[in-house]
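To start, the structure under review is shown below, and the notes come after it.
Number of protein chains: 2
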Amino acid sequence: MISARVHYACLAMLELASRSSEEAPISLREISDQHGVPGPFLVQIFRSLRAAGWVQSVRGSQGGYRLLVRPEDVSLLEIAETMGYQDSGNPSTGKTTAAEMMLQEVWEEMSRASREILSSVRLSDLAERFHRGEASMFYI
Amino acid sequence: MISARVHYACLAMLELASRSSEEAPISLREISDQHGVPGPFLVQIFRSLRAAGWVQSVRGSQGGYRLLVRPEDVSLLEIAETMGYQDSGNPSTGKTTAAEMMLQEVWEEMSRASREILSSVRLSDLAERFHRGEASMFYI
DNA sequence: AGATACTTGACTAAGTGGATCATGTTTATA
DNA sequence: TATAAACATGATCCACTTAGTCAAGTATCT
């Protein structure tokens, strides 16, 4: 359902968001150390994040990455989609029998519900709670 | 999210359920022809369904499969789980940082929502609509 | 100049899902 | 009783994705 790639990307974006007040860019090394994400894998992930325009890279010594967007403008769904979340749809036999179509509706409803949850959580929501030290109590 | 394996299994169970009034068992050939599921793959699927106790096999000529449970006692979630739906949990770095735990909650909420939908649809619900010729309008 | 850090591209390794094949066993029926 | 229909079982295979690695290069600060 959620891949490690998406999970790591969200962790990284959350790290950037929660430290967006800092002047200096944040290096992959810091993120890797902080969250236990394999370094070389982070490189790949940031290539996608950069291509999507979410982050800006700063090369050279003291370089790293900086958030290019406001945390309140990014949802987890957008990050997940950038990382290839659900680019393949639901299974289908290709036939249009009643049974087939009924099941399709159920799968579709599931996808819709998942996307709804992902899109309802913005980076700023998480970063805010992060700073307050609240680790729980999202859903009422 | 939903694998072809689960999709095929649900189609097959739906076929058995909608024809559960018939005396003769239903052969894999019929299901394969009706729904366009690759024959040899159906064999595998029914091995799991049989092991789970959902169906009964009748060997020999004129053999096939028969439903062993009442359609109103089986939800799509149960079928999906029999076919290995989500036996691997959500990704995790293993760390217990605030960021990690917050994301875990979101992934957890997604799983919960999907399972909720799957468990709310019983085989009898679909079979009933199947007989009435209604192919749409599940959710109000 | 040298250390730090991102860039790019190719590459590997493992796992999974989808699908197939061969061979055997059971049973109805002509 | 022979034969065909149909399930039973086990092995195997291929394609694809995911996770992770490596190496050579470029930019920048000190």
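First to last, the protein sequences are chains U and G.
Here our numbering is used: the first sequence runs in plain steps of one and ends on residue 140.
Here our numbering is used: the second sequence runs in plain steps of one and ends on residue 1140.
Virtual Cβ for every residue (Gly too), placed ideally from N, Cα, C.
None of these values were measured; they are calculated from a predicted model.
For Thr1093 of chain G, the chain U residues whose Cβ falls inside 9 angstroms of its Cβ are Ala4, His7, Tyr8, Leu11, His35, Gly36 and Val37, in order along the chain. Closer than 8 angstroms at the C-beta level to chain U, one finds these residues of the stretch 1096-1110 of chain G: Thr1097, Ala1098, Ala1099, Glu1100, Met1101, Met1102, Leu1103, Glu1105, Val1106, Trp1107, Glu1109 and Met1110. For Leu1028 of chain G, same chain residues with a beta-carbon under 8 angstroms away, outside a window of 5 residues either side, are Gly1039, Leu1042, Val1043, Phe1046, Gly1064 and Tyr1065 in chain order. Below 8 angstroms, too few C-beta pairs join the stretch 1093-1107 of chain G and the stretch 1066-1080 of chain G to call them touching: fewer than three. 9 angstroms or more divides the Cβ of Arg1129 of chain G from the Cβ of Leu1076 of chain G. With a threshold of 9 angstroms between beta carbons, Glu23 of chain U makes no contact with chain G. Within the stretch 20-104 of chain U, the complete beta strand (DSSP E) runs of at least 3 residues fall at 55-58 and 64-67. Interface criterion not met: the Cβ of Glu30 of chain U is under 9 angstroms from no Cβ in chain G. For Leu67 of chain U, no CB of chain G lies under 9 angstroms from its own CB, so it is not counted at the interface with that chain.
Here the C-alpha atom of Ser120 of chain U lies approximately 16 angstroms from the C-alpha atom of Ile2 of chain U.
Taking the CA atoms as reference points, Gln56 of chain U sits about 6 angstroms from Arg50 of chain U. Residue range Leu123 to Arg132 is occupied by the alpha helix (DSSP H) that includes Arg129 of chain U.
Distances from the CA of Glu1015 of chain G to each of U:Glu108, U:Leu103 and U:Gly89 were compared; the closest alpha carbon is that of U:Leu103. Interface annotation for the stretch 42-76 of chain U against chain G: Leu76, criterion Cβ-Cβ distance under 9 angstroms.
Note on geometry: alpha-carbon atoms of Glu1109 of chain G and Ser20 of chain U lie some 27 angstroms from one another. If you check the CB distance, Ile117 of chain U and Ala1113 of chain G come in under 9 angstroms. The beta carbons of Ala80 of chain U and Ala4 of chain U sit no closer together than 9 angstroms. The C-beta distance from Ser111 of chain U to Gln86 of chain U rounds to 7 angstroms, short enough to meet the 8 angstroms contact threshold. Within chain U, Val106, Glu109, Met110 and Ala113 have C-beta atoms less than 8 angstroms from the C-beta of Ile1117 of chain G, given in sequence order. Residue contact check for Glu1081 of chain G against chain U: no CB pair falls below 9 angstroms. Residue state for Met1001 of chain G is assigned as coil, using DSSP reduced to three classes.
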